[in-house]
Amino acid sequence: MTSPANDLDRLVGREYKEGFVTEIDAETLPPGLNEDVVRAISEKKREPAFMLEWRLQAYRHWLTMREPRWAQVQYSPIDYQAISYYSAPKQTPGPKSLEEVDPKLLETYEKLGIPLEEQKALAGVAVDAVFDSVSVKTTFRNTLAEAGVIFCSISEALQEHPELVRRYLGSVVPQGDNFYAALNSAVFSDGSFVYIPKGVRCPMELSTYFRINAMNTGQFERTLIIADEGSYVSYLEGCTAPMRDENQLHAAVVELIALENAQIKYSTVQNWYPGDELGRGGIYNFVTKRGACRGHRSKISWTQVETGSAITWKYPSVLLEGDGSVGEFYSVALTNNRQQADTGTKMIHIGKNTASTIISKGISAGHGQNTYRGLVKVLSGSDNARNYSQCDSLLLGDRCGAHTFPYVEVKNPTARVEHEATTSKISDDQLFYCRQRGLSEEDAVSMIVNGFCKEVFRELPMEFAVEAQKLLDVSLEGAVG
Amino acid sequence: MLKIENLHVDVDGTPILKGIDLEVRAGEVHAIMGPNGSGKSTLANVLTGRDGYEVTQGKISYRDRDLFALSTEERAREGIFLAFQYPVEIPGVSNLYLLKAALNSKRKHLGLGELSAVEFLKLIKEKVKLVQMKEEFLHRSVNQGFSGGEKKRNEILQLAVLEPLLAILDETDSGLDIDALKIVAHGVNSLRDAERAIIVVTHYQRLLDYIVPDYVHVLANGRVVKSGDKELALELEKHGYTQLVQSSGEGAARSAGA
Ligand SMILES: Nc1ncnc2c1ncn2[C@@H]1O[C@H](COP(=O)(O)OP(=O)(O)OP(=O)(O)O)[C@@H](O)[C@H]1O
Ligand SMILES: [Mg+2]
Numbered sequence: 465m466t467s468p469a470n471d472l473d474r475l476v477g478r479e480y481k482e483g484f485v486t487e488i489d490a491e492t493l494p495p496g497l498n499e500d501v502v503r504a505i506s507e508k509k510r511e512p513a514f515m516l517e518w519r520l521q522a523y524r525h526w527l528t529m530r531e532p533r534w535a536q537v538q539y540s541p542i543d544y545q546a547i548s549y550y551s552a553p554k555q556t557p558g559p560k561s562l563e564e565v566d567p568k569l570l571e572t573y574e575k576l577g578i579p580l581e582e583q584k585a586l587a588g589v590a591v592d593a594v595f596d597s598v599s600v601k602t603t604f605r606n607t608l609a610e611a612g613v614i615f616c617s618i619s620e621a622l623q624e625h626p627e628l629v630r631r632y633l634g635s636v637v638p639q640g641d642n643f644y645a646a647l648n649s650a651v652f653s654d655g656s657f658v659y660i661p662k663g664v665r666c667p668m669e670l671s672t673y674f675r676i677n678a679m680n681t682g683q684f685e686r687t688l689i690i691a692d693e694g695s696y697v698s699y700l701e702g703c704t705a706p707m708r709d710e711n712q713l714h715a716a717v718v719e720l721i722a723l724e725n726a727q728i729k730y731s732t733v734q735n736w737y738p739g740d741e742l743g744r745g746g747i748y749n750f751v752t753k754r755g756a757c758r759g760h761r762s763k764i765s766w767t768q769v770e771t772g773s774a775i776t777w778k779y780p781s782v783l784l785e786g787d788g789s790v791g792e793f794y795s796v797a798l799t800n801n802r803q804q805a806d807t808g809t810k811m812i813h814i815g816k817n818t819a820s821t822i823i824s825k826g827i828s829a830g831h832g833q834n835t836y837r838g839l840v841k842v843l844s845g846s847d848n849a850r851n852y853s854q855c856d857s858l859l860l861g862d863r864c865g866a867h868t869f870p871y872v873e874v875k876n877p878t879a880r881v882e883h884e885a886t887t888s889k890i891s892d893d894q895l896f897y898c899r900q901r902g903l904s905e906e907d908a909v910s911m912i913v914n915g916f917c918k919e920v921f922r923e924l925p926m927e928f929a930v931e932a933q934k935l936l937d938v939s940l941e942g943a944v945g
Numbered sequence: 002m003l004k005i006e007n008l009h010v011d012v013d014g015t016p017i018l019k020g021i022d023l024e025v026r027a028g029e030v031h032a033i034m035g036p037n038g039s040g041k042s043t044l045a046n047v048l049t050g051r052d053g054y055e056v057t058q059g060k061i062s063y064r065d066r067d068l069f070a071l072s073t074e075e076r077a078r079e080g081i082f083l084a085f086q087y088p089v090e091i092p093g094v095s096n097l098y099l100l101k102a103a104l105n106s107k108r109k110h111l112g113l114g115e116l117s118a119v120e121f122l123k124l125i126k127e128k129v130k131l132v133q134m135k136e137e138f139l140h141r142s143v144n145q146g147f148s149g150g151e152k153k154r155n156e157i158l159q160l161a162v163l164e165p166l167l168a169i170l171d172e173t174d175s176g177l178d179i180d181a182l183k184i185v186a187h188g189v190n191s192l193r194d195a196e197r198a199i200i201v202v203t204h205y206q207r208l209l210d211y212i213v214p215d216y217v218h219v220l221a222n223g224r225v226v227k228s229g230d231k232e233l234a235l236e237l238e239k240h241g242y243t244q245l246v247q248s249s250g251e252g253a254a255r256s257a258g259a
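Protein sequence lines, in the order shown, are assigned to chains A and B. So for the first sequence, my numbering puts the first residue at 465; every next one is plus one. So for the second sequence, my numbering puts the first residue at 2; every next one is plus one.
And the structure:
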């Protein structure tokens, strides 16, 4: 007689296919952080003067801040002087034709299933490929330019559209917002920039693929997406990293701005290296993501599938400023082995008749710890605000944990805020029932987990929903004979 | 098809089945009756390979193979189907999805290709009609929020789709109204042919009016205490189990003393 716990152990063993290292000549700043490092990064990128000033301000602010400790995660202190803040494959800067990109990089992305040759690419998806600290290639730029859409790395945007960057950068996540955001503001090296002009429905899915390769480097990318009046864009980010025994820091900032009647759909499939089964190595994913529904009747949707990282600390949020604006957060977070996730969202209702929806699905296996932390805040001027939150946790085995912290602050009596939460377990009875119908144990677990996540998966663009489903399968896959 | 010899089974160290002999040939329908706690569901669980049952003696062959050498899912794919006494709810997984996964895993095992979406839907619609279920049930989560009777009927839908060689029905009739009982019986009977066998566990003679058994066995205290034809069920209905159970107690005392 095998005990169910053992079966689950076998089931949740995982294999991390993206864990390879690319051997490439890189230009890497020595570890350590001071004003000179901030200046060096800005100089390397030949940034306008205002940008350096902005970075230095952020850096000085960061020095006064402390690492947040309120999250339900545990890790040894991070030595910020032991991290290198810039690493880039040696190549000429600026936008490149495919021939100018190092073949090793093309190969890396090909191996990850993200071909950068436009003819090989997934139909209808443009990619910005970020490798360690820099963007190496953005595909379909010309196609997009015809529609007036700007999609490039943020370094390029600083050269070519400095006025747009200056106007919006830090307008949603201020430099001193939190410890990691301040650090990012000081040292961010690259990331994606998107501008969708008035009335334009972006003709392609836009996506950024983040890859950490170099050792002992942090990745601090910055993404800025502006959807002008009446425009629409769907954007997706994916991420992977090699398997290494030491932890690596990824502290990104993403800012979204939706003007009147504009819509931004932002999807993440996060598959950073999670560490091994004993909790060695893996990425610390400390990320600040926030969108502002600045215009009336604008809408921002965050959809995330978080299967990777040793520690995830992220709360994609929406500031519902415009009247009638809508914020959505759909999340699947899976923690296995020793992974820890403290994730959720903040919906801040400021305008009138604003609505938000939160659907969070946490899956814990092994010794994984999964925390949902959400804030729904309705300010006094926000008449008729609506929120619906649903937080479901699924436990596989009995050594993992699920925690839910829903905070609600309502300052307007007309608000309607609903919260539902459930915790369930995959039971032996369910597994036996499925197996009696001919399903293997693996297929049964995968079917139940996917069923649990359905409401979130259906928010993902089609191709990525399939990808996400596969990713969950891999994360739960083991050597069931 | 199925041959059970001197089967002894412990649960948590307590003997529950204490020497069962039973042979079921293709084409036959066997009814198993017996008081609560006599071991009927235990037998069904052992036949389907559920964890937690320790076989201490005896053997079972299924289609000339050692049943214990097969995993639960292999037994299922080889044609053993259990209609559960208490069907399990699986939130988020649609009935349709489970049916498709189940059918395809069986087809794959038998070296057949997966059915196309169109073929599959056609088959399902046919079967849904057979058990007179509303199609909307296909899109609901497996058994979630189903009434007791609906759950039982859903088991028969699965049975109809998977067309097992050996179907075990564990009290599928309990909780069914008379119309549903007829529908369930109809579903089961339409599966009946020379290649298949059915084991019906029930407390009520009523079901056996519709699914007419070739043999009736009475299980008491983990043993088959009496076997007969369908008349035995009528007799039990009249006189209850008391006498049989008492004599089985004596039997136990005798064999222990020997
Ligand atoms: N997991 C278990 N742990 C302890 N005892 C068990 C377990 N499973 C079964 N038993 C015991 O074994 C005996 C036989 O149970 P079983 O469910 O097979 O009876 P049954 O004949 O199906 O009864 P009913 O007609 O009530 O369905 C009962 O006394 C029951 O309590
Ligand atoms: Mg029973």
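Just so you know, even glycine gets a beta-carbon here, dropped at the ideal spot from N, CA and C.
For the region 900 to 921 of chain A, residues whose beta-carbon sits nearer than 7 Å to a beta-carbon of chain B comprise Gln900, Arg901, Gly902, Leu903, Ser904, Asp907, Met911, Ile912, Gly915, Phe916, Lys918. Chain A places a beta carbon closer than 7 Å to that of Gly93/B, counting this residue as a contact. Ligand 1 has no heavy atom closer than 6 Å to the beta-carbon of Ile33/B. Relative to ligand 2, the nearest heavy atom lies less than 6 Å away from the CB of Ser42/B. Glu785/A and Ile764/A have their alpha carbons spaced roughly 12 Å apart. Against Tyr98/B, the close residues of chain A are Met911, Gly915, in the order they occur along the chain (beta-carbon pairs closer than 8 Å). If you look at Leu688/A, you'll find it in the beta strand (DSSP E) that goes 686 to 691.
Burial check for Pro780/A: the Cβ neighbour count within 10 Å reaches 16 or more, so the residue is buried.
Beta bridge pairing from DSSP links Tyr852/A with Thr821/A, Glu882/A. For Gln900/A, the shortest separation between its Cβ and any heavy atom of ligand 2 does not lie below 6 Å. Residue range 149 to 163 is occupied by the alpha helix (DSSP H) that includes Leu158/B. Of all residues in the region 882 to 895 of chain A, the ones placed with a Cβ closer than 8 Å to any Cβ belonging to chain B are Ser888, Ser891, Asp892, Asp893, Gln894, in chain order. Under the DSSP assignment, Tyr644/A falls in the alpha helix (DSSP H) whose first and last residues are 643 to 651. With three or more CB-CB distances shorter than 8 Å, the region 228 to 236 of chain B counts as touching the region 199 to 216 of chain B. A Cβ-Cβ distance of about 6 Å is found for the pair Glu172/B and Thr203/B, placing them in contact under the 8 Å criterion. Listed in chain order, the non-local C-beta contacts of Arg761/A below 6 Å within the same chain comprise Asn725, Gly788, local neighbours out to five positions each way being set aside.
Nearest CB-CB separation between Glu156/B and chain A: not below the 7 Å threshold. In this structure, DSSP gives Gly50/B a state outside helix and strand, which the three-state scheme calls coil. Per DSSP, reduced to three states, the secondary structure at Asn144/B is coil, with no helix or strand assignment. Ser820/A counts as buried, since at least 16 other C-beta atoms from the protein chains shown sit within 10 angstroms of its C-beta. Straight across, the Cα-Cα distance linking Tyr550/A with Gln712/A is about 13 Å.
Contact annotation: Asn749/A and Ser773/A have beta-carbon atoms nearer than 7 Å.
Taking one beta carbon from each stretch, the region 36 to 55 of chain B and the region 98 to 115 of chain B have fewer than 3 pairs nearer than 8 Å; the two do not touch. The alpha-carbon of Gln244/B is positioned some 15 Å away from that of Arg224/B.
Between Thr835/A and His867/A, the CB-CB gap stays under 7 Å. Any Cβ of chain B closer than 7 Å to the Cβ of Tyr897/A would place that residue at the interface, and such an atom is present. No heavy atom of ligand 2 is found nearer than 6 Å to the CB of Gln727/A.
Here DSSP, grouped into helix, strand and coil, assigns Lys135/B to coil. Neighbours of Lys107/B in chain A, taken as residues whose beta carbon is under 7 Å from its own, are Gly902 in chain order.
Taking 6 Å as the cut-off, the C-beta of Gln133/B does not count as close to any heavy atom of ligand 2. The contact set of Val89/B on chain A, defined by CB atoms closer than 7 Å, consists of Asp893, Gln894, Tyr897 in chain order. Ranked by Cα distance from Leu700/A, the options Gly743/A, Gln545/A, Thr767/A are led by Thr767/A.
Among the residues of chain A, those whose CB is under 7 Å from the CB of Glu74/B are Arg899, Gly902, Leu903, Ser904, following chain order.
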